[in-house]
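Okay, so here's the structure we're looking at.
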Amino acid sequence: MRGLVLVLLVLLAATAFGLWRRQTDGRMKSVASRLDAPIPVADDDPEVDVITASAAEHGGEQLTAVVLGADLGVEATLVQFSTAFCQPCRATRRILDEVSSMVPGTVHIEIDAEAHLDLVRRLDIRRTPTVLVLDSRGRISKRAVGLPRKADVIAALGQVIQS
Amino acid sequence: MSQPVDCDPRVEVDVRGPRFAAAVTTVVLAAILLTLESPIGATLLVMQAVVFGLGAFVGLRAQPYGVIFRTLVQPRIAPPSEFEDAAPPRFAALVGFIFTAVALLGLISGVTVIAYVAVAMALGAAFLNAAFAFCLGCEMYLIGKRLFARPVSA
Chain Z
5 MRGLVLVLLV LLAATAFGLW RRQTDGRMKS VASRLDAPIP VADDDPEVDV ITASAAEHGG
65 EQLTAVVLGA DLGVEATLVQ FSTAFCQPCR ATRRILDEVS SMVPGTVHIE IDAEAHLDLV
125 RRLDIRRTPT VLVLDSRGRI SKRAVGLPRK ADVIAALGQV IQS
Chain H
294 MSQPVDCDPR VEVDVRGPRF AAAVTTVVLA AILLTLESPI GATLLVMQAV VFGLGAFVGL
354 RAQPYGVIFR TLVQPRIAPP SEFEDAAPPR FAALVGFIFT AVALLGLISG VTVIAYVAVA
414 MALGAAFLNA AFAFCLGCEM YLIGKRLFAR PVSA
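Protein chains in written order, with our numbering: chain Z, 5 to 167; chain H, 294 to 447.
See the structure below:
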């Protein structure tokens, strides 16, 4: 009896968690710059949650080619943090490679989180894949945790390059 | 087949293999919870711990549920279209092994509440993997690294 109750509770909780995670995973979030005014909310785009200036999200923090170990894109840069034990990292790599070769002036940089724990701690990266979208000056403007959708990446790049 | 290919961390597997293994594991772990304080439950627990151990320490090809998938399931379904690295499912097997080992220790020492909690957590993780392709151990990996790895200079 104890076992049956436990099985049902676990399956229920795991289902709720799984559904919630499926909804929220990989969402592109705008990280408002600490330097600039908050980015105006696009009314027709409910996917983009605009967060007001938040130090925790490292909005506006500038990453350089030296820190990332690769040259930044002229227009924008997609930075992907990965680990070896990461199932969705491969699919993320595929999407970002595809998008960066499609959008002129953008590059995709993949970083092994384990080999860059200092940077991971500084940017408070908790799981992989985490994708940062940098503007032309290397400032972090968007962040997605989990496998992002291709359309969201393209939309995020569109906003970053436009502004 | 003379090479131990599974030692290569870049070895790739059909994504449906680990999903199938997770589904079987979910059923087995649920059965263990239902029968935990009987000899059946204890036997199943030992068997599941061995299955996890084989997957983690020997390789996915040695994992019995993987063998069932390759010999009985894979020939009957469409050819594989998506592959993944073997490292994440192997790491998941290691986490599963630790949980089932803790559960066994709980049973042996008579602290059955530990066994219940450990098997319940393993069940949750296996179910998430089977139903949502969500790898809990993999998600916790970086947090663990951040907490326990010594700071390195970039």
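Every residue, glycine too, gets a C-beta built ideally from N, C-alpha and C.
Do you know offhand how far residue i's Cα is from residue j's?
i        : j        : result
H/VAL406 : H/LEU397 : 11 Å
Z/ASP156 : Z/GLY30  : 9 Å
H/ILE436 : Z/LEU121 : 10 Å
H/ALA424 : H/ALA316 : 8 Å
H/VAL320 : H/VAL304 : 27 Å
Z/VAL103 : Z/GLU118 : 25 Å
Z/GLU65  : Z/VAL137 : 11 Å
Z/LEU15  : H/PHE420 : 7 Å
Z/ALA160 : Z/ILE113 : 16 Å
Z/ALA18  : H/ALA408 : 19 Å
Z/GLN84  : Z/GLN166 : 22 Å
Z/THR28  : Z/VAL149 : 9 Å
H/ALA349 : H/PHE390 : 8 Å
H/ILE361 : H/VAL404 : 34 Å
H/PHE392 : H/VAL366 : 28 Å
Z/SER86  : H/GLY399 : 36 Å
H/ALA314 : H/GLN341 : 11 Å
Z/VAL35  : Z/LYS146 : 5 Å
H/ALA324 : H/LEU347 : 21 Å
Z/SER140 : Z/PHE89  : 31 Å
H/LEU329 : Z/ARG26  : 32 Å
Z/LEU10  : Z/VAL164 : 48 Å
Z/GLY73  : Z/ILE115 : 9 Å
H/SER402 : H/VAL395 : 10 Å
H/GLY359 : Z/TRP24  : 29 Å
Z/LEU13  : H/LEU337 : 21 Å
H/ASP378 : H/PHE441 : 25 Å
Z/VAL107 : Z/LYS33  : 20 Å
H/CYS431 : H/PRO381 : 6 Å
Z/PRO133 : Z/CYS93  : 5 Å
Z/ALA80  : Z/VAL71  : 16 Å
H/LYS438 : H/VAL308 : 26 Å
Z/GLN91  : H/ARG383 : 11 Å
Z/ARG131 : Z/MET5   : 37 Å
Z/GLU51  : Z/ILE158 : Low per-residue confidence applies at Z/GLU51: pLDDT is 44, beneath 50, and the placement is therefore not dependable, though the value from the model is reported in the following sentence. So the two alpha carbons sit approximately 13 Å from each other.
H/ALA385 : Z/GLY162 : 37 Å
H/TYR434 : Z/ASP128 : 14 Å
H/VAL339 : H/PRO368 : 30 Å
Z/ILE144 : Z/ARG153 : 19 Å
Looking at the unbroken beta strand (DSSP E) that takes in residue i, where does it start and where does it end?
i        : result
H/THR393 : Run containing H/THR393: none in the beta strand (DSSP E); it sits in the alpha helix (DSSP H), 380 to 402.
Z/PHE85  : 80 to 86
H/ASP307 : 305 to 307
Z/GLU114 : 110 to 116
Z/VAL107 : Segment: none, Z/VAL107 is in no beta strand (DSSP E) and carries neither H nor E.
Z/VAL35  : 32 to 35
Throw me the rounded Cβ distance for the residue i and residue j pair, which I believe falls under 8 Å.
i        : j        : result
Z/THR2   : Z/GLY142 : The requested residue 2 of chain Z is not part of the displayed model; chain Z covers only 5 to 167.
H/LEU456 : H/LEU322 : Look at the range of chain H in this structure, 294 to 447, and you will see that residue 456 of chain H is not part of it.
H/LEU429 : H/ALA418 : 4 Å
Z/LEU100 : Z/VAL124 : Not a contact, Cβ separation roughly 18 Å.
Z/THR68  : Z/LEU151 : With 8 Å as the limit, Z/THR68 and Z/LEU151 do not qualify as a contact, their Cβ atoms being about 27 Å apart.
H/LEU327 : Z/LEU8   : 6 Å
How far does the alpha helix (DSSP H) with residue i in it reach, from first residue to last?
i        : result
H/ARG354 : Counting along the chain, H/ARG354 falls outside any alpha helix (DSSP H), and DSSP gives it neither H nor E.
Z/LEU136 : Note, Z/LEU136: premise wrong, no alpha helix (DSSP H); beta strand (DSSP E) at 134 to 138.
Z/GLY149 : Position check: residue 149 of chain Z holds Val in this sequence, whereas Gly was assumed. No alpha helix (DSSP H) contains Z/VAL149, which is instead part of the beta strand (DSSP E) from 144 to 149.
H/CYS431 : 429 to 441
Z/ARG26  : 6 to 28
H/THR405 : 405 to 425
Z/ILE129 : No alpha helix (DSSP H) holds Z/ILE129; DSSP gives it neither H nor E.
H/PHE345 : 332 to 346
Z/LEU72  : 69 to 72
H/GLN367 : Run containing H/GLN367: none; DSSP gives neither H nor E here.
Z/GLN91  : From DSSP, Z/GLN91 is part of no alpha helix (DSSP H); its letter is neither H nor E.
Z/LEU161 : 154 to 166
### Message
Using a Cβ distance threshold of 8 Å, determine whether the segment 323 to 339 of chain H contacts the segment 363 to 377 of chain H, with at least three qualifying pairs required.
### Response
no
### Task
Answer yes if the segment 420 to 434 of chain H comes into contact with the segment 344 to 356 of chain H, meaning at least three C-beta pairs across the two stretches below 8 Å, and no otherwise.
no
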